[in-house]
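Trainee: Just dropping this structure here.
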Amino acid sequence: MMTVDLDQTPRSLLVFDRSSFLDEKNRISSQVEQHHFNYKVSVLLPECSSAPSHLDSVLNSFKSFYLIRNMPIYELLDKHFLETAAYKGSVYGLSYRTRVDEDNCVALMPNGRLCLSLDKDSFQVLGVEGKPSRFNHRTNSRYVVSVDLTHSSMAPGGRGYVRLLTGLRSRLHLKTDFLLSHHPGGGASLQALLSRYDWSEHRPEIRSRVLTQLSCPALLTSDLQSSDPHSFLEWLGAVDADASRENSSSSFLSSLVCPEPSTTLNQALSVSVCGLLLPQDIHRLIQEIRRHLEHHLESWASLTVHGFVDSPVSWGDSEHGVMRGGENFYSLLMFHDHTYHLHQATGAHDTCPP
Amino acid sequence: MSGVDEKDESAVYRRVVLKNASPYHYLEVCLVLQDESTRLSAVELKQFIISGLKSLYGEVGAALTFDLLKYDEDKLTALLRVYSRGLVKLWSSLTLLGSYQNQACAFRVLQVSPFLLALTGNSRELQLD
Chain A
125 MMTVDLDQTP
135 RSLLVFDRSS
145 FLDEKNRISS
155 QVEQHHFNYK
165 VSVLLPECSS
175 APSHLDSVLN
185 SFKSFYLIRN
195 MPIYELLDKH
205 FLETAAYKGS
215 VYGLSYRTRV
225 DEDNCVALMP
235 NGRLCLSLDK
245 DSFQVLGVEG
255 KPSRFNHRTN
265 SRYVVSVDLT
275 HSSMAPGGRG
285 YVRLLTGLRS
295 RLHLKTDFLL
305 SHHPGGGASL
315 QALLSRYDWS
325 EHRPEIRSRV
335 LTQLSCPALL
345 TSDLQSSDPH
355 SFLEWLGAVD
365 ADASRENSSS
375 SFLSSLVCPE
385 PSTTLNQALS
395 VSVCGLLLPQ
405 DIHRLIQEIR
415 RHLEHHLESW
425 ASLTVHGFVD
435 SPVSWGDSEH
445 GVMRGGENFY
455 SLLMFHDHTY
465 HLHQATGAHD
475 TCPP
Chain B
2 MSGVDEKDES
12 AVYRRVVLKN
22 ASPYHYLEVC
32 LVLQDESTRL
42 SAVELKQFII
52 SGLKSLYGEV
62 GAALTFDLLK
72 YDEDKLTALL
82 RVYSRGLVKL
92 WSSLTLLGSY
102 QNQACAFRVL
112 QVSPFLLALT
122 GNSRELQLD
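If you read the protein sequences in the order shown, they are chains A and B. First residue of the first sequence: 125, per our numbering; consecutive thereafter. First residue of the second sequence: 2, per our numbering; consecutive thereafter.
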């Protein structure tokens, strides 16, 4: 008789880095840069009731992005698009409203790499070389096709190019709603592509709220060696979700409390931005928060960046998928003295974050 | 099973990789009822889930502690926290809960994660229309 282990603990992966922005070996820039597809950034600023003007202007200057409805994916191989946008780099594209565990998903990375996560039937119909997904359960039901559009074999007219184009155009007819980043060279390079389809431009949505009498872990005074990253992240999640954090031990509903030792903040500002957010904008936000902290002694700030659940890649080219959950996020806790704690979390089947 | 690897390269830099070390798992669930106008209070919802655990796993199963972190009474969505080793029991009893006070119901598990922070940034909620 086969017994099922009901106490089996599901897997999780958390990488906790501690370093300083002043340390020349710190890799924070590349870690931010490699996380291509960012959905939400939330910032928690203690003892703040409104966003400082510089921070506000950085948030408002996050680049807008386009949503193209029902775009055939072969358009990403269009010669004009490749020459004016993809080869120049810095174009991010991701299929919208496609689930990476059920549907076909497409991602275009700024280095010119196109990644398709396909179910078995679509992969066989497409007829292009690919690998089985790491997120397969027992049988191979999902495949990943990854091509470097800047490689010589994928030059227009080349064998690899023609094979993929024919596959997407004639055999598979893959069409999805597609999110496309604003190209730094200006909208002109994307106009030809956009004019052929139904498209709309969107600004990242900014929301802010002020929290009063917030109990928070004593981050500055406690011995940080012994602090548990999981309980800190849980507290941060409870603040973000607006879950009740003051529960007596006899409460029926919940026993979630703020990690000890704790202090109380009179007020704190929580700001979030949602959309297709670029690593460059996030990097500028981090620098602006560092500047803000320089003027505020004995203070800290927290920045959390959530990746897209349905992105076929997480950091760099590493495959991302959804088994139970599709989390791929990082949380940066910055201090006045330029030191930081970086928590990077992902599903246990993903590769380890950089 | 948990593993902790440490790398100390300098006095300032430190990296720790924590595998399977999350003590809790978090679920975002939504209760769908046959009669859409029915409302439950937070206490009623928690009691309902406990009764589900009891019917599937008995008294010992019903003693599994979980927390109702947040509850939206209008949308009947809740955030739950449970010890990682109790996730399978809680999730399976939510799946098999079929009726509430003589009307058919179903729990939709919208998101599961070992991190509460991941439940606040679900890109599947992105609405651009």
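Note that CB positions come from ideal geometry on N, CA and C, so glycine has one too.
Just list the alpha helix (DSSP H) runs in the segment 433–465 of chain A, keeping only unbroken ones of 4 residues or longer that don't cross its boundaries, in chain order.
Mentor: Counting only runs of 4 or more, we get nothing.
Trainee: Taking the alpha carbon of Phe67 (chain B) as the reference point, which residue from B:Leu97, B:Leu80 and B:Tyr58 has its own alpha carbon closest?
Mentor: Of B:Leu97, B:Leu80 and B:Tyr58, the residue nearest in Cα terms is B:Leu80.
Trainee: Looking at the unbroken beta strand (DSSP E) that takes in Val215 (chain A), where does it start and where does it end?
Mentor: It is not in any beta strand (DSSP E) - Val215 (chain A) carries neither H nor E in the DSSP assignment.
Trainee: Which of the three DSSP states is assigned to Gly399 (chain A) in this structure?
Mentor: If DSSP states are grouped into helix, strand and coil, Gly399 (chain A) belongs with the strands.
Trainee: Checking the sheet assignment: what are the DSSP bridge partners for Glu196 (chain B)?
Mentor: Here chain B has residues from 2 to 130 only, and residue 196 (chain B) is not among them.
Trainee: Does Glu329 (chain A) come out as helix, strand or coil in the three-state DSSP assignment?
Mentor: The answer is strand: DSSP assigns Glu329 (chain A) an E or B state.
Trainee: What's the call for Gly99 (chain B), buried or exposed, on a 16-neighbour Cβ count within 10 Å?
Mentor: Result: exposed.
Trainee: Pick from A:Asp129, A:Glu253 and A:Ala365: whose alpha carbon is nearest that of Ser70 (chain B)?
Mentor: It is worth fixing the name first, because residue 70 (chain B) is Leu in this sequence and not Ser. Checked all of A:Asp129, A:Glu253 and A:Ala365; the closest Cα to Leu70 (chain B) is A:Ala365.
Trainee: Flag Cys398 (chain A) as yes if its beta-carbon sits less than 8 Å from any beta-carbon of chain B, otherwise no.
Mentor: Chain B contact via Cβ: present.
Trainee: To the nearest angstrom, how far is the alpha carbon of Ser423 (chain A) from that of Arg142 (chain A)?
Mentor: Looking at the two C-alpha atoms, the distance is approximately 17 Å.
Trainee: Got a sec: which bits of the segment 428–462 of chain A sit with their beta carbon under 7 Å from any beta carbon on chain B, in order along the chain?
Mentor: Flagged, chain order: Thr428, His430, Phe432, Val433, Asp434, Arg448, Gly449, Glu451, Phe453 and Ser455.
Trainee: Just to confirm the assignment: which complete beta strand (DSSP E) runs, minimum length 3, are found wholly within the segment 218–247 of chain A?
Mentor: With a minimum length of 3 residues, the continuous beta strand (DSSP E) runs that stay inside the segment 218–247 of chain A are 229–232 and 237–243.
Trainee: Take Val33 (chain B) and list the residues in its own chain whose beta-carbon comes closer than 8 Å to its own, dropping the five residues that flank it on each side.
Mentor: Leu77, Cys106, Ala107, Phe108 and Arg109.
Trainee: To which residues does DSSP link Gln391 (chain A) through a beta bridge?
Mentor: Per DSSP, A:Thr336.
Trainee: Under the three-state reduction of DSSP, which class applies to Asp364 (chain A): helix, strand or coil?
Mentor: Note: Asp364 (chain A) maps to helix in three-state DSSP.
Trainee: Between A:Phe432, A:Leu335 and A:Thr475, which lies nearest to Cys229 (chain A) when the distance is taken from Cα to Cα?
Mentor: Comparing Cα-Cα distances from Cys229 (chain A) to each of A:Phe432, A:Leu335 and A:Thr475, the minimum goes to A:Phe432.
Trainee: Could you give the C-beta distance for Met303 (chain A) and Tyr198 (chain A), rounded to a whole number, given that I count them as a contact under 8 Å?
Mentor: Reading off the sequence shown, one finds Leu at residue 303 (chain A), where the question assumed Met. About 18 Å separates the two Cβ atoms, so there is no contact after all.
Trainee: Report the neighbours of Gly361 (chain A) on chain B: residues whose CB is nearer than 8 Å to its CB, in chain order.
Mentor: Per Cβ cutoff of 8 Å: Tyr27, Phe116, Leu117, Leu118, Ala119, Leu120 and Thr121.
Trainee: Quick one: give me the first and last residue of the beta strand (DSSP E) that Asn162 (chain A) is part of.
Mentor: Asn162 (chain A) -> beta strand (DSSP E) spans Asn162 to Pro170.
Trainee: Between the Cα of Phe140 (chain A) and the Cα atoms of A:Leu456, A:Thr475, A:His460 and A:Thr263, which residue gives the shortest distance?
Mentor: Measuring from the Cα of Phe140 (chain A), the nearest candidate turns out to be A:Leu456.
Trainee: Hey, out of A:Glu329, A:Asp434, A:Trp359 and A:Thr387, whose CA is closest to Phe189 (chain A)'s CA?
Mentor: When only C-alpha atoms are compared, the closest one is A:Glu329.
Trainee: What does Ser52 (chain B) reach in chain A if we use C-beta pairs closer than 8 Å?
Mentor: Neighbours of Ser52 (chain B) on chain A: none; closest Cβ ~14 Å, over 8 Å.
Trainee: Sort A:His473, A:Leu466 and A:Gly471 by Cα distance to Tyr14 (chain B) and report the nearest one.
Mentor: Tyr14 (chain B) has its Cα closest to that of A:Leu466, out of A:His473, A:Leu466 and A:Gly471.
Trainee: Quick one: residues in its chain with C-beta nearer than 8 Å to the C-beta of Asp9 (chain B), no 5 flanking neighbours on either side, listed in chain order?
Mentor: Low local confidence applies: a pLDDT of 45 at Asp9 (chain B) is under 50, so the model's placement there is unreliable, with the coordinate-based value given in what follows. The answer, listed in chain order, is Arg15.
Trainee: Mapping the DSSP letters down to three states, classify Ser375 (chain A) as helix, strand or coil.
Mentor: Of the three classes helix, strand and coil, the one that applies to Ser375 (chain A) here is coil, per DSSP.
Trainee: Tell me the DSSP bridge mates of Phe49 (chain B)?
Mentor: BP columns for Phe49 (chain B) are empty, so no partner.
Trainee: Name the residue from B:Val17, B:His26 and B:Leu19 whose alpha carbon lies nearest to the alpha carbon of Pro115 (chain B).
Mentor: When each option's Cα is compared against that of Pro115 (chain B), the closest is B:His26.
Trainee: In whole angstroms, what separates the C-alpha of Ala93 (chain A) from that of Leu232 (chain A)?
Mentor: Nothing in the structure corresponds to residue 93 (chain A), since chain A is present only between 125 and 478.
Trainee: Are the beta-carbon atoms of Leu200 (chain A) and Gly217 (chain A) separated by less than 8 Å?
Mentor: For Leu200 (chain A) and Gly217 (chain A), yes; Cβs fall inside 8 Å.
Trainee: Whose C-alpha, out of A:Asp147, A:Asn150 and A:Asn184, is nearest the C-alpha of Val165 (chain A)?
Mentor: Closest option to Val165 (chain A), Cα to Cα, is A:Asn184.
Trainee: Any C-beta of chain A sitting closer than 8 Å to the C-beta of Leu80 (chain B)?
Mentor: Closer than 8 Å to some Cβ of chain A, the Cβ of Leu80 (chain B) qualifies, so yes.
Trainee: Check the Cβ-Cβ distances between Thr222 (chain A) and every residue of chain B, and say whether any is below 8 Å.
Mentor: Not closer than 8 Å to any Cβ of chain B, the Cβ of Thr222 (chain A) fails to qualify, so no.
Trainee: At which residue ranges does the segment 133–212 of chain A contain complete alpha helix (DSSP H) runs of 4 or more residues, listed in the order of the chain?
Mentor: Qualifying alpha helix (DSSP H) stretches, in chain order: 152–158 and 177–184.
Trainee: Under the three-state reduction of DSSP, which class applies to Thr300 (chain A): helix, strand or coil?
Mentor: Three-state result, Thr300 (chain A): strand.
Trainee: Apart from the five residues on each side of it in sequence, which residues of its chain come closer than 7 Å, Cβ to Cβ, to His473 (chain A)?
Mentor: Within the same chain, His473 (chain A) has close Cβ partners Arg258, Phe259, Gly445 and Met447.
Trainee: Verify the contact flag: Asn228 (chain A), CB atom, against every heavy atom of the ligand MN, threshold strictly below 7 Å.
Mentor: In the structure on display, the ligand MN does not appear, and there are no ligands present to speak of.
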